[in-house]
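Q: Quick note: the sequence shown uses the numbering used here, first residue 22, plus one each step.
Beta carbons: idealized from backbone N, C-alpha and C, even for Gly.
Note that this is a predicted model, so its numbers are computed, not measured.
One structure, as structure tokens, below. Some questions next.
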Amino acid sequence: MRHQVNVHEAKSRLSRLIASAEAGEEVIIARANKPFARLRAELSTRAQGALTPSPEQLIREEREAR
């Protein structure tokens with residue numbers, strides 16, 4: 022499934038959008054109703070292995086760095 026969100030919504034709902042991508046959905050991010058970015062899972066969770074941090078961990082680290 023694919024759905025489109027604007028930049029503001031993507032910023033507000035990033036964690037949920039990442040979870041959607043992990044579940045196999047593709048999220049299109051649009052500016053002025055024109056698609057400019059695509060968010061989708063690169064690898065399945067199983068294929069990532071234990072050495073790759075979870076998306077939640079990456080978000081947490083990014084917030085702490087600010």
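Along the alpha helix (DSSP H) that carries glutamate 63, what are the first and last residues, could you check?
A: Taken as a continuous stretch (DSSP letters only), glutamate 63 belongs to no alpha helix (DSSP H), as it is neither H nor E.
Q: Sort out for me which residues DSSP pairs valine 28 with in a bridge.
A: Answer is none; valine 28 lacks a bridge partner.
Q: Could you check how far apart the C-beta atoms of glutamate 43 and arginine 23 are, in whole angstroms? I think they sit under 8 Å.
A: In fact, because the Cβ distance is near 15 Å, the residues do not count as touching under 8 Å.
Q: Measuring alpha carbon to alpha carbon, tell me which residue in Lys55, Asn54, Phe57 and Pro76 is nearest leucine 38.
A: Pro76
Q: In this structure, does DSSP put glutamate 85 in helix, strand or coil?
A: Residue state, collapsed to three classes: helix.
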